[in-house]
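Trainee: Have a look at the structure that comes next, please.
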């Protein structure tokens with residue numbers, strides 16, 4: 370029971386539409402629901418998240434005095450490490466303490482940082498370039514007998530990649546960036562994260578080594594780095610999280626550095642800003658940030674774990690998300706988009 | 370200026386990520402942003418929404434005493450008309466007055482209706498079947514010289530349909546419902562609404578008349594009918610709206626009856642329920658509904674209009690959403706999913 374009640378990130382998306390919660394309990398017969406697949410995954414299919422890879426933001430308590438903590442998991446190598454290094458420095462310097470949530474735009478983002486834009490940044494922040502939005506990796510490109518494309522990413526990054534299909538197609542939201550022609554890009558899950566890829570050279574049958582650009586995907590709850598107009602890429606001092614339909618047009622245009630794994634409701638349920646782009650028009654509307662710390666430096670932080678995206682249970686879960694066969698459903702869709710298969714994250718049982 | 374400030378539904382999705390709002394104003398040179406295309410659309414490209422096609426829900430005022438009104442546009446024929454007929458009867462009978470918002474599940478839905486499930490329904494509600502989730506229409510199926518599929522829906526419903534492409538593919542989230550093989554289904558915009566379609570007979574070149582099932586799509590802000598387990602399809606007394614990433618797996622599994630065109634922030638910013646599926650655990654947490662009326666019976670209701678999805682400006686807007694070329698962007702995506710192209714709706718200028 371403990372396990373089920375602590376399915377934090379993923380539980381939000383599983384439910385159907387009973388008139389009351391009890392009706393759902395009557396359901397679930399032949400085919401397990403995605404949530405049930407996750408709940409029965411083996412212990413070794415879960416991967417512990419190091420506290421040093423968490424960013425813990427404590428907001429001022431709510432109107433009833435209840436604490437509001439938001440826990441963010443930072444992305445692993447090789448993605449966005451320059452900005453993440455900056456974020457570690459900013460947290461160590463307590464830069465965000467006393468700043469605020471300044472923007473809440475419905476169906477888009479919540480953004481936080483220094484509203485005055487005058488607070489001094491700590492020394493030694495890296496300056497990143499637009500080229501850092503994507504990470505080149507070598508992949509093994511093979512064409513199998515059915516004509517399907519490459520399926521494994523190889524050294525130097527040793528990234529596993531379960532290529533994800535929308536129905537029986539590769540992710541169609543990965544264009545070649547000129548808005549016209551397309552190369553066989555796609556998306557998938559790698560080390561617990563949704564990523565997209567696009568070959569930077571066209572793969573040819575039998576040629577094993579090619580280079581692909583890979584990048585994280587703007588799904589609900591992902592955390593990114595606010596910036597001004599290009600070529601500025603932002604330092605990491607200004608952050609946002611997605612609280613609406615996946616704004617995939619931001620992929621490769623802004624750095625993604627992590628995702629909210631607990632407490633996103635403290636951001637997504639904030640009053641919407643009435644200024645341009647959802648910025649608050651007065652200081653009184655902003656939500657104060659008490660502190661932001663790397664998890665290893667935060668008090669009272671539980672341990673977290675995610676379901677390995679390379680596990681059998683994740684594959685079954687993804688299939689069940691794309692083809693709902695549990696009793697509430699009549700027509701399985703036959704496909705799902707990558708942002709509708711959130712990677713399960715939960716508190717680790719003691 | 371009036372026009373721009375009243376871009377209600379669509380404005381929320383256009384913005385990029387400046388550190389402050391002023392920076393955005395410096396932008397926008399060569400290519401207009403989607404919002405600018407909408408703002409400069411011709412008057413005759415906008416379609417007035419009849420007050421009789423609006424459903425107006427007044428919630429109890431917020432903690433500061435401010436009124437909270439949610440305006441819903443009901444779907445036109447031929448979609449979901451049985452449930453919409455019930456909704457008209459329920460509103461006329463003032464069924465929802467004194468009921469409440471009972472469920473708020475993060476990144477999923479807000480649901481409202483009679484929490485007691487004991488309130489008597491008005492007489493004469495239609496009983497709908499699962500077959501009513503989709504609407505058969507005749508379409509013209511042609512295959513052009515490049516091998517592309519059908520492109521027009523023909524009588525009896527006279528539905529225009531601008532078939533929408535994800536990148537250069539048809540919508541991959543339309544499967545044939547058995548989760549395995551697929552037919553060439555897709556999605557598009559018709560009379561101002563996002564709809565999906567799937568041929569119920571395989572189209573053959575040169576055979577003009579085929580039947581396709583069409584149905585509305587679960588995008589952000591769409592309003593649907595809560596139900597119990599199949600074969601129940603719900604009466605319309607229990608309604609929900611989407612407040613997260615498009616739950617496309619619900620398409621063809623629940624009836625969609627409309628979309629929120631103003632005031633969704635009064636629902637999406639409500640505290641999340643802590644019970645199973647986001648249901649509130651106590652009555653005190655529920656938001657009271659003062660009244661729900663058809664627009665023609667509501668007081669102080671402004672006029673609304675939507676941008677014709679058959680207009681040149683909509684085509685330009687959809688293209689710009691899929692290929693952001695305004696100055697903030699470096700890499701146009703080359704595609705967008707249908708739920709990331711919300712149909713612009715605004716208050717009609719006097």
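Residue numbers (the working numbering), protein chains in the order written: chain A, 370 to 719; chain B, 370 to 719. Where is the CB? At the ideal position from N, CA and C, for every residue including glycine. Given the structure is predicted, the values throughout are model-derived calculations rather than measurements.
Please check the pair residue 595 of chain B and residue 482 of chain B, which I expect to be a contact at CB under 8 Å, by giving their CB distance rounded to whole angstroms.
Mentor: 7 Å
Trainee: Decide if residue 620 of chain B is buried, meaning its Cβ has at least 16 other Cβ atoms within 10 Å, or exposed.
Mentor: Per the 10 Å Cβ criterion, buried.
Trainee: Using 8 Å for Cβ pairs, my map puts residue 673 of chain A next to residue 717 of chain A. What's the rounded Cβ distance?
Mentor: Indeed they touch by this definition, with Cβ atoms about 6 Å apart.
Trainee: Taking only three categories from DSSP, how would you classify residue 565 of chain B?
Mentor: strand
Trainee: Give the list of continuous beta strand (DSSP E) stretches no shorter than 3 residues that lie fully inside the segment 400–456 of chain A.
Mentor: 415–418, 423–428 and 437–443
Trainee: Establish whether the CB of residue 673 of chain B and some CB of chain A are separated by less than 8 Å.
Mentor: no
Trainee: Short of 7 Å in beta carbon distance, which residues of its chain neighbour residue 656 of chain A, apart from the five on each side in sequence? Order them along the chain.
Mentor: 428, 429, 469, 470 and 639
Trainee: Ignore the nearest five residues each way along the sequence and tell me which others in residue 633 of chain B's own chain have a CB closer than 6 Å to its CB.
Mentor: 590
Trainee: To the nearest angstrom, how far is it from the Cα of residue 739 of chain A to the Cα of residue 614 of chain A?
Mentor: For residue 739 of chain A there is no data in the structure shown, the boundaries of chain A being 370 and 719.
Trainee: So what does DSSP say about residue 622 of chain A, is it helix, strand or coil?
Mentor: Reduced to three states, the DSSP call for residue 622 of chain A is coil.
Trainee: Below 8 Å between beta carbons: does that hold for residue 630 of chain B and residue 442 of chain B?
Mentor: yes
Trainee: Since residue 641 of chain B and residue 473 of chain B should fall inside the 8 Å C-beta cutoff, what is the C-beta to C-beta distance between them, to a whole number of angstroms?
Mentor: 5 Å
Trainee: Inspect the CB distances between the segment 415–422 of chain A and the segment 437–455 of chain A and report whether three or more fall short of 8 Å.
Mentor: Verdict: yes, contact present.
Trainee: Listing by chain order, which chain A residues have their CB less than 7 Å from the CB of residue 499 of chain B?
Mentor: 699
Trainee: Smallest Cα separation from residue 506 of chain B: which of B/610, B/711, B/494 and B/567?
Mentor: B/567
Trainee: Going by C-alpha to C-alpha distance, which of B/604, B/675, B/668 and B/602 sits closest to residue 413 of chain B?
Mentor: Of the residues B/604, B/675, B/668 and B/602, the one whose Cα lies closest to the Cα of residue 413 of chain B is B/675.
Trainee: Let me see if you follow: with CB-CB separation under 8 Å, is residue 716 of chain A close to chain B or not?
Mentor: no
Trainee: Answer with yes or no whether the minimum CB distance from residue 560 of chain A to chain B is below 8 Å.
Mentor: no
Trainee: Verify whether the separation of the beta carbon atoms of residue 604 of chain B and residue 592 of chain B is less than 8 Å.
Mentor: no
Trainee: Since residue 328 of chain A and residue 490 of chain A are thought to touch, with beta carbons under 8 Å apart, how far apart are those beta carbons, to the nearest angstrom?
Mentor: This structure does not reach residue 328 of chain A, given that chain A is present from 370 up to 719, and the question cannot be answered.
Trainee: Drop a sphere of 10 angstroms on the beta-carbon of residue 713 of chain B, count the other beta-carbons inside from all chains shown, and report buried for 16 or more, exposed for fewer.
Mentor: The residue is buried, with at least 16 neighbouring Cβ atoms inside 10 Å.
Trainee: Of the choices B/500, B/706 and B/432, whose alpha-carbon is the least far from that of residue 601 of chain B?
Mentor: B/500
Trainee: To the nearest angstrom, report how far apart residue 555 of chain B and residue 703 of chain A are at their CA atoms.
Mentor: 13 Å
Trainee: By a C-beta neighbour count over all protein chains shown, 10 Å radius and 16 as the cutoff for buried, is residue 378 of chain B buried or exposed?
Mentor: For residue 378 of chain B, the predicted model reports a pLDDT of 22, less than 50, meaning its position is unreliable and no value from the coordinates is stated.
Trainee: Let me know the secondary structure DSSP gives residue 597 of chain A once reduced to three states.
Mentor: coil
Trainee: If you run the structure through DSSP and keep just helix, strand and coil, what is residue 380 of chain B?
Mentor: Caution applies to residue 380 of chain B, whose pLDDT of 24 falls short of 50 and renders its modelled position unreliable; the value that the coordinates give is listed next. Correct three-state label for residue 380 of chain B: helix.
Trainee: Applying the criterion that 16 or more other CB atoms from any shown protein chain within 10 Å of the CB defines a buried residue, is residue 492 of chain B buried or exposed?
Mentor: exposed
Trainee: With DSSP as the reference, label residue 459 of chain A as helix, strand or coil.
Mentor: Residue state, collapsed to three classes: helix.
Trainee: Would you mind sorting residue 650 of chain A into buried or exposed? The rule is 16 or more other CB atoms within 10 Å of its CB.
Mentor: exposed
Trainee: For residue 633 of chain A, which residues in chain B fall below 7 Å Cβ to Cβ?
Mentor: 475
Trainee: Return the residues of the segment 615–641 of chain B that lie within a Cβ-Cβ distance of less than 8 Å from chain A, sorted by chain order.
Mentor: 615, 616, 617, 618, 619, 620, 621, 622, 623, 633, 634, 637, 638, 639, 640 and 641
Trainee: With the cut-off set at 8 Å, would you say residue 466 of chain A and residue 661 of chain A are in Cβ contact?
Mentor: yes
Trainee: Identify each residue in the segment 601–614 of chain B for which the Cβ-Cβ distance to at least one residue of chain A is less than 7 Å, and report them in chain order.
Mentor: 607, 609, 613 and 614
Trainee: Identify every run of the alpha helix (DSSP H) within the segment 677–715 of chain B, keeping only runs that are complete inside it and at least 4 residues long; order them along the chain.
Mentor: 681–691
Trainee: Residue 457 of chain B versus chain A: which residues are under 7 Å apart at the beta carbon?
Mentor: Counting only Cβ-Cβ distances below 7 Å, residue 457 of chain B has no contacts in chain A at all, with the closest Cβ about 21 Å away.
Trainee: Between residue 693 of chain B and chain A, is the shortest Cβ-Cβ distance under 8 Å, so that the two count as touching?
Mentor: yes
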